[in-house]
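Colleague:
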Amino acid sequence: MNYRVIKDIDDGWEISAKIGDILHVQWWEGAPTLMKGKKAVCDKDSKLANENCELIKEESANEEVR
Numbered sequence: 933m934n935y936r937v938i939k940d941i942d943d944g945w946e947i948s949a950k951i952g953d954i955l956h957v958q959w960w961e962g963a964p965t966l967m968k969g970k971k972a973v974c975d976k977d978s979k980l981a982n983e984n985c986e987l988i989k990e991e992s993a994n995e996e997v998r
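Heads up: the sequence shown begins at 933 in the working numbering, then just goes up one per residue.
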């Protein structure tokens, strides 16, 4: 599961994230966390994540390629 940053996150836990960055989910410090590389940005379900990131929807394997 990946997320795209839609608003800069300047105050991430270990690293900031800029518009357009792609973050992945990893278990960190006891909670699912949005990560930039190996650095924690914020909790996946936090207000910061909800306001600054969007889920990248994967295309269905059954959809036709146009």
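Ideal Cβ placement from N, Cα and C applies to all residues, glycine included.
Note that this is a predicted model, so its numbers are computed, not measured.
1. Per DSSP, what kind of secondary structure is residue 979 in: helix, strand or coil?
2. How far does the beta strand (DSSP E) with residue 986 in it extend, from its first residue to its last?
3. Am I right that residue 986 and residue 936 are in contact with their C-beta atoms under 8 Å? What's the rounded C-beta distance?
4. From what residue to what residue does the beta strand (DSSP E) around residue 949 run?
5. Just the Cα atoms here: how many angstroms apart are residue 950 and residue 959?
6. Is it right to say residue 944 is buried, meaning 16 or more other beta carbons lie within 10 angstroms of its own, or is it exposed?
Modeller: Result, derived from the coordinates:
1. helix
2. Per DSSP, residue 986 belongs to the beta strand (DSSP E) from 985-987.
3. 5 Å
4. Segment: none, residue 949 is in no beta strand (DSSP E) and carries neither H nor E.
5. 22 Å
6. buried
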